[in-house]
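**Q**
Shown next, in the form of structure tokens:
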């Protein structure tokens, strides 16, 4: 993979354009496996020839499919920063009535997708499967513009909590379930204001089974958002030399991201919750209702 044949193509993410000098395989065969993991990129889209005179970002020579995906994600991170948008490691879902969204945060394996599955069972619409685009450019609440379209779950733990999905007892450790009814992820027609953020921990603490969600102080919230917003930069490529994706974000871009992180910690209520996916989903529903104007509550 990653031979000498290259093309300059243009990708579109949430209406923004990124010209890329990449292995020809990106447009020829890799795209269906890359696009669902790029925030704001429509699953059915295809790379097109870039306009003449546009300076593209160059994927490192020798990059395979996984490295291409990671490199593009890092550059989309920077592109969206320039437009007042954070790429946050988070799952997002919209309330059934269409007003307001919740953003689910947590590290790998915390249970963000499990809670999203429980919300989907309540009729919520999925907006982002792993990375959410959060517009922080305005003076009010941030809004979800979309995110990654892949709905990937850990097979064994998901089968435990959601046997109705009929996941096979054996097979890959992770599986895609976005083709199931109610689980398809699509960008909203317009930005969806975020009512609240929720740091989840499925089965993380049995003593918290009956506890109410706990509000997070601003300092802790800022650190939480800082970690989540650096997700697409937290890798070293497998290519010769092992370039770090943090190289993509220069100091000016970092300061811009930090300003948005501070804005999120000040403008958006953030909570933590423990327990089963269904219990956390119920808490999320109450939080969203409690942080909307009365006329917007379903």
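Numbering (the numbering used here), first residue to last: 2 to 299. By construction, the Cβ of each residue, glycine as well, lies at the ideal position given by its N, Cα and C atoms.
#1: Tell me whether the stretch 137-150 and the stretch 161-173 touch, counting them as touching only if at least three CB pairs, one residue from each stretch, are closer than 8 Å.
#2: Could you check the C-alpha separation between residue 215 and residue 201 for me, to the nearest Å?
#3: Beta-carbon within less than 7 Å of residue 292's beta-carbon, same chain only, minus the 5 sequence neighbours each way: which residues are those?
#4: Taking C-alpha atoms, which residue in 46, 223, 47 and 35 lies nearest to residue 71?
#5: Name the one or two DSSP bridge partners that residue 127 has.
#6: Can you give me the C-alpha to C-alpha distance between residue 235 and residue 57, rounded to a whole angstrom?
#7: How is the alpha helix (DSSP H) around residue 273 delimited, first residue to last?
#8: For the candidate residues 75, 149, 114 and 199, whose alpha-carbon lies nearest to that of residue 248?
#9: Of the choices 251, 54, 246 and 278, whose alpha-carbon is the least far from that of residue 119?
#10: Return the chain-ordered list of same chain residues with a C-beta closer than 6 Å to the C-beta of residue 284, the five sequence neighbours on each side being excluded.
#11: Taking 9 Å as the cut-off, decide whether the C-beta atoms of residue 106 and residue 245 are in contact.
#12: Grab me the residues of residue 13's own chain with a C-beta within less than 6 Å of its C-beta, minus the 5 sequence neighbours each way, in chain order.
#13: For a minimum of 4 consecutive residues, which ranges assigned as the alpha helix (DSSP H) are wholly contained in the stretch 129-207?
#14: Could you tell me which of 150, 184 and 151 sits nearest to residue 166, measuring between CA atoms?
#15: When you compare only the Cα positions, how much space is there between residue 18 and residue 289?
#16: The alpha helix (DSSP H) with residue 6 in it runs from where to where?
#17: Using only CA atoms, which one of 83, 240, 266 and 257 lies nearest to residue 68?
#18: Do residue 263 and residue 83 come within 9 Å of each other at the CB atom, strictly closer than that value?
#19: Could you tell me the distance, in whole angstroms, from the CA atom of residue 62 to the CA atom of residue 28?
#20: By the DSSP assignment, the alpha helix (DSSP H) with residue 268 in it spans what residues?
#21: Taking its Cβ as the centre, do 16 or more other Cβ atoms sit within 10 Å of residue 217, making it buried, or is it exposed?
#22: What residues match up with residue 17 in a beta bridge as DSSP calls it?
#23: DSSP state of residue 53, grouped into three classes?
#24: According to DSSP, simplified to helix, strand and coil, what is residue 235?
#25: Per DSSP, which one or two residues make a beta bridge with residue 58?
#26: Any contact of the stretch 112-131 with the stretch 146-153, i.e. 3+ C-beta pairs under 8 Å?
**A** Taking the coordinates as given:
#1: The answer is no - the stretch 161-173 does not touch the stretch 137-150, with fewer than three Cβ pairs under 8 Å.
#2: Along the chain shown, one-based indexing puts residue 215 at 214. Along the chain shown, one-based indexing puts residue 201 at 200. Cα to Cα, the separation comes out at about 11 Å.
#3: Here residue 292 is taken as the residue at index 291 of the chain shown, counted from 1. Cβ neighbours of residue 292 beyond the five flanking positions: 196, 197 and 270.
#4: Counting from one through the chain shown, the residue named residue 71 turns up at place 70. When each option's Cα is compared against that of residue 71, the closest is 35.
#5: Walking along the chain shown from the start, residue 127 turns up at place 126. Paired residues: 94.
#6: Start at 1 with the first residue of the chain shown, and residue 235 comes out as number 234. Start at 1 with the first residue of the chain shown, and residue 57 comes out as number 56. So the two alpha carbons sit approximately 22 Å from each other.
#7: As a working note, residue 273 is residue 272 in the chain shown. Not the alpha helix (DSSP H): residue 273 falls in the beta strand (DSSP E), residues 271-276.
#8: For the purposes of this step, residue 248 is taken as the residue at position 247 of the chain shown. Selected option, being the one with the closest Cα: 75.
#9: Translated into the one-based positions of the chain shown, residue 119 becomes position 118. Shortest Cα-Cα distance from residue 119 to any of 251, 54, 246 and 278 involves 278.
#10: Against the chain shown, residue 284 aligns to sequence position 283. For residue 284, where only same-chain residues beyond five positions count, the Cβ hits under 6 Å are 214 and 274.
#11: Looking up residue 106 in the chain shown gives position 105. Looking up residue 245 in the chain shown gives position 244. No, they are not a contact pair.
#12: Position 12 of the chain shown, counted from the start, is the residue given in the question as residue 13. The beta carbon of residue 13 is closer than 6 Å to none in its chain, skipping five residues each way along the sequence.
#13: Runs of the alpha helix (DSSP H) inside the stretch 129-207: 156-162.
#14: The residue labelled residue 166 in the question sits at position 165 within the chain shown. If we check each option's Cα against that of residue 166, 184 comes out closest.
#15: As a first step, residue 18 must be located in the chain shown, where it is residue number 17. As a first step, residue 289 must be located in the chain shown, where it is residue number 288. Residue 18 and residue 289 have their alpha carbons spaced roughly 32 Å apart.
#16: What you label residue 6 is simply residue 5 of the chain shown in a count that begins at 1. Secondary structure note for residue 6: it is in no alpha helix (DSSP H), with a DSSP letter that is neither H nor E.
#17: As a first step, residue 68 must be located in the chain shown, where it is residue number 67. The residue with the shortest Cα to Cα distance from residue 68 is 240.
#18: By 1-based counting over the chain shown, the position of residue 83 is 82. By 1-based counting over the chain shown, the position of residue 263 is 262. The beta carbons of residue 83 and residue 263 sit no closer together than 9 Å.
#19: Here residue 62 corresponds to residue number 61 of the chain shown, with the count starting at 1. Here residue 28 corresponds to residue number 27 of the chain shown, with the count starting at 1. Computed Cα separation, rounded: 16 Å.
#20: As a working note, residue 268 is residue 267 in the chain shown. Residue 268 -> alpha helix (DSSP H) spans 252-268.
#21: Your numbering for residue 217 matches position 216 in the chain shown. Counting Cβ neighbours within 10 Å, residue 217 comes out buried, since at least 16 surround it.
#22: For this step, residue 17 is matched to residue 16 along the chain shown. Bridge partners of residue 17: 14.
#23: Residue numbering aside, residue 53 sits at position 52 when the chain shown is read from its first letter. DSSP, reduced to helix, strand and coil, places residue 53 outside both helices and strands of the structure shown, so it counts as coil.
#24: Along the chain shown, one-based indexing puts residue 235 at 234. Coil, per DSSP.
#25: For this step, residue 58 is matched to residue 57 along the chain shown. Paired residues: 21.
#26: Note that the stretch 112-131 touches the stretch 146-153; at least 3 beta-carbon pairs, one per stretch, sit closer than 8 Å.
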